[in-house]
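Note sheet for the following structure.
Residue numbers (this note's numbering), protein chains in the order written: chain H, 1 to 110; chain L, 1 to 114.
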């Protein structure tokens with residue numbers, strides 16, 4: 001089942017902060033975060049694994065609440081380059097594949 | 001430079017024709033994936049392969065076929081049985097299958113069928 005992302009879209013000014021949420025109705029083993037700019041390929045940002053391990057960018061942080069089956073991506077002091085659509089992907093059972101949310105469109109204005 | 005290449009970037013076909021999308025990687029990754037993306041939507045998995053000569057259906061495999069004869073290559077054929085083939089197709093790879101590993105995406109092929 002597809003994870004639910006919120007908000008669907010957000011507009012902010014350079015330097016402001018944003019939080020993007022991803023929730024699932026099923027138990028999560030891992031959560032992936034990717035950013036996609038218009039017409040381009042998604043780019044990996046972060047993986048959060050059950051048990052607390054994280055892999056990803058230093059300037060982007062995220063949390064993973066296993067009990068609530070939720071993950072949040074924190075974008076602080078936004079830059080113009082942060083604009084794009086952010087997708088979370090969650091593991092689908094034991095099938096070793098990801099199911100992606102429908103995305104959150106982030107626009108950073110000068 | 002290592003990476004994933006997809007060709008062509010844009011592809012136009014008439015309804016009823018099969019078309020094959022190319023995906024090549026030189027990252028020495030074992031796992032490869034094909035996703036479909038429709039406007040304003042997330043990525044939906046078509047097929048994935050963990051090793052050469054083995055592949056599994058994803059969520060929307062109907063109307064598609066794949067092969068994995070070489071580690072570097074994972075072509076996708078969109079058959080005439082696919083009812084709505086117009087979409088953006090993305091190929092990805094990872095060191096190994098499983099969700100502990102980041103996926104690297106190619107630039108995509110935008111397919112238009114009329």
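The C-beta atom is built at its ideal place from N, Cα and C for all residues, glycine as well.
Within the segment 35–70 of chain L, ranges of the beta strand (DSSP E) (whole runs, at least 3 residues): Qualifying beta strand (DSSP E) stretches, in chain order: 43–51, 54–57 and 64–66.
DSSP beta-bridge partners of residue 21/H: Within the first chain, numbered from 1, the residue matching residue 21/H stands at position 21. In the DSSP output, where bridge partners are listed per residue, residue 21/H has 6/H and 72/H.
Contacting positions in the segment 74–99 of chain H - beta carbon closer than 7 Å to chain L: Against chain L - using a Cβ distance shorter than 7 Å - the residues of the segment 74–99 of chain H are 87, 91, 96, 97 and 98.
Assigned exposure category for residue 109/H - 16 Cβ within 10 Å defines buried: Stepping through the first chain from its first residue, residue 109/H is reached at position 109. Answer is exposed; the Cβ neighbour count stays below 16.
Three-state secondary structure (DSSP) of residue 82/H: As a working note, residue 82/H is residue 82 in the first chain. Correct three-state label for residue 82/H: helix.
Environment of residue 10/L [buried if 16+ CB atoms lie within 10 Å]: Working through the second chain from its first residue, we reach residue 10/L at position 10. It counts as exposed.
Rounded separation between residue 102/L and residue 94/L - CA only: Along the second chain, read from residue 1 onward, the residue named residue 102/L stands at position 102. Along the second chain, read from residue 1 onward, the residue named residue 94/L stands at position 94. In a straight line, the C-alpha of residue 102/L is about 6 Å away from that of residue 94/L.
At least 3 beta-carbon pairs within less than 8 Å: the segment 27–42 of chain H vs the segment 22–29 of chain L: Under the Cβ criterion (8 Å, minimum of three pairs), the segment 27–42 of chain H does not count as touching the segment 22–29 of chain L.
For residue 5/L, the first and last residue of its enclosing beta strand (DSSP E): Mapped onto the second chain, residue 5/L falls at position 5. Going by DSSP, residue 5/L is part of the beta strand (DSSP E) stretching over 4–7.
Where residue 16/H sits in the DSSP three-state scheme: Sequence index remark: in the first chain, residue 16/H carries index 16 (1-based). In this structure, residue 16/H counts as coil in the three-state DSSP scheme.
Bridge partners - residue 105/H, DSSP secondary structure assignment: Your numbering for residue 105/H matches position 105 in the first chain. For residue 105/H, which the question treats as bridged, DSSP gives the partners 9/H and 85/H.
Buried or exposed by the 16-neighbour rule on C-beta atoms within 10 Å, applied to residue 79/H: Working through the first chain from its first residue, we reach residue 79/H at position 79. Residue 79/H should be labelled exposed.
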